[in-house]
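Residue numbers (the working numbering): -3 to 424. Read through the structure below, which is laid out as structure tokens, and then see the notes.
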RNA sequence: GUGGGAAUAGCUCAACUGGCAGAGCACCGGACUGUGGCUCCGGCGGUUGCGGGUUCGAUUCCCGUUUCCCACCCCA
């Protein structure tokens, strides 16, 4: 049997109803903040991610689905292409390519699949889905303003609340400018050198490869050492510090709770200043349901104009997973309003009635005149229809149809002209 | 990529130390040819993930492999 490949999965009904609920809610919330949708290709030239995400990141170094294009045109052949591992690089590429900065500030969102070749785990798949949004534009449009950081964070809080996820936790940090980070990295390495010997094996390795990650260590014995290490916040330049304070002040004013986490570091090279993460319990080790931050230098790094930006990516797989506990898919599934059950030879009349009802925006399940009435009732019950409409010779002759409430057993006869209106007012 | 656990009917799971592969739910049919749910009766359903080995005999023990789960790395 051919099966879905490792790390990919089918999203089946009724779960897809929950996914649609999440996406519809996101679109609705984004609209209130005047975000508009952008759809970029699912693959790009490899160089985009190498430059945009960072050569040294794990994503680029070992997790990308990359292949060599083949084609007739010289320009196609041998070109290295990659399935997008994240959305921001592609969006910024589109921003540069179409000179979107000329329109002023861009508020864009993008919903779709991403690909990373990682070992699958709970809440982690090789094809996974992200809901991504970005505010990007020329500095003159205010793209650098802390007001935009706070707006994005407040929007996320609103979205999570709307989805019924109440026990989220916003972790906030500033990772400064690249210049700030160079100094911080030096200080961190210097501080680690005398003490790293007492730390766990993982930390000893991190101290060499990626000192920032030492802050992620969960080994209890290492915590006292980690407490003594310098923090990025101590190395923020005047501008970064003021920017960070301004973000916090606005959040306090609008009433979005957050906790400062000066150990929060982000994996992607392009992040500057504000970095954040929303976490949620009961997701195992994958407790971050969304993360994001500011990337003021990304456009420049890709050869574009100065275009500061801030954005986030929601891990939709994880979001849906954390939603499932409280909101079963069935609860957002629209069940049929009515099951139209044709008696023998009545398929045509039934189809005509169903057509009429569907035109009135009723959800109609249409049966088959080969079914005995008993079987139609069973089928109607199984699909969860609220009413069953019996289409038999008697009904057609009288132009009035038997309509039975499957839950209460109550049965009425309604003339054809009133059927749609009656059902619409009684569908509940 | 590394470490550990698991895999038996569509789903959830049994099967003693190696001895005839089972149950509940679901599905189909009947009791009931224009009225479902409840009940009763019957039926369908399996290369025990896959490949090899040990054995008279393997769901069971061993090796390999694939996938999933848990964790690491990293991240959404």
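No residue lacks a Cβ here, since even glycine has one placed at the ideal position from N, Cα and C.
Going by C-alpha positions, residue 131 is about 10 Å away from residue 291.
For residue 175, same chain residues with a beta-carbon under 8 Å away, outside a window of 5 residues either side, are 233 in chain order. The beta carbon of residue 362 lies closer than 7 Å to those of 336, 346, 347, 350 in the same chain, with the five residues before and after it left out.
DSSP places residue 317 outside any beta strand (DSSP E); the residue lies instead in the alpha helix (DSSP H), whose first and last residues are 312 to 320.
Counting of Cβ neighbours within 10 angstroms places residue 377 among the exposed residues, the total staying below 16. The DSSP-derived three-state label of residue 307 is strand. Judged by DSSP in its simplified three-state form, residue 190 adopts helix.
Sixteen is the threshold: since fewer than 16 other Cβ atoms of the shown chains lie within 10 Å of the Cβ of residue 370, the residue is exposed.
Beta bridge pairing from DSSP links residue 33 with 105. In the three-state DSSP reduction, residue 384 falls in the strand class (E or B).
A residue is called buried when at least 16 other Cβ atoms come within 10 angstroms of its Cβ; residue 317 meets this threshold and is buried. Rounded to whole angstroms, residue 294 and residue 217 show a C-alpha spacing of 38 Å.
Under DSSP, the beta-bridge partners assigned to residue 63 are 77.
Between the alpha carbons of residue 340 and residue 403 lies a gap of roughly 25 Å. Collapsing the DSSP output to three states places residue 250 in a helix.
In the DSSP assignment, residue 170 is bridged to 270. For residue 128, the enclosing beta strand (DSSP E) has its first and last residue at 123 to 132. No residue range can be given for residue -1, since it is assigned to no beta strand (DSSP E) and is classified by DSSP as neither H nor E.
An exposed status is given to residue 322, since fewer than 16 other beta-carbon atoms sit within 10 Å of its beta-carbon. For residue 73, the CB contacts under 8 Å within the same chain, skipping 5 residues up- and downstream, are 65, 66, 67 in chain order. Put simply, of 69, 30, 135, 77 the residue whose alpha carbon is nearest the alpha carbon of residue 43 is 77.
Counting the other CB atoms within 10 Å of its CB gives residue 356 a total below 16, which places it among the exposed residues. Each of 94, 162, 414, 373 was checked against the Cα of residue 36, and the nearest Cα belongs to 94. The segment 7 to 26 makes no contact with the segment 42 to 61, as fewer than three CB pairs between them are under 8 Å. In this structure, residue 129 lies near residue 307, with their beta-carbon atoms less than 7 Å apart.
Contact between the segment 194 to 213 and the segment 102 to 110 is absent: fewer than three C-beta pairs spanning the two stretches fall below 8 Å.
In the three-state DSSP reduction, residue 48 falls in the helix class (H, G or I). Around the beta carbon of residue -3, fewer than 16 other beta carbons lie within 10 angstroms, which makes this residue exposed. The alpha-carbon separation between residue 159 and residue 199 amounts to approximately 38 Å.
Looking at 162, 303, 390, 161, the one whose alpha-carbon comes closest to that of residue 102 is 303. If you ignore the 5 residues before and after residue 256, its C-beta comes within less than 6 Å of the C-beta of 168, all in its own chain and listed in chain order.
In this structure, DSSP gives residue 114 a state outside helix and strand, which the three-state scheme calls coil.
Approximately 24 Å separates the beta-carbon atoms of residue 164 and residue 239; this is outside 8 Å, ruling out the contact. For residue 219, the enclosing alpha helix (DSSP H) covers residues 219 to 224. When 418, 383, 421 are compared, the shortest CA-CA separation from residue 406 is found for 383. In the three-state DSSP reduction, residue 346 falls in the helix class (H, G or I).
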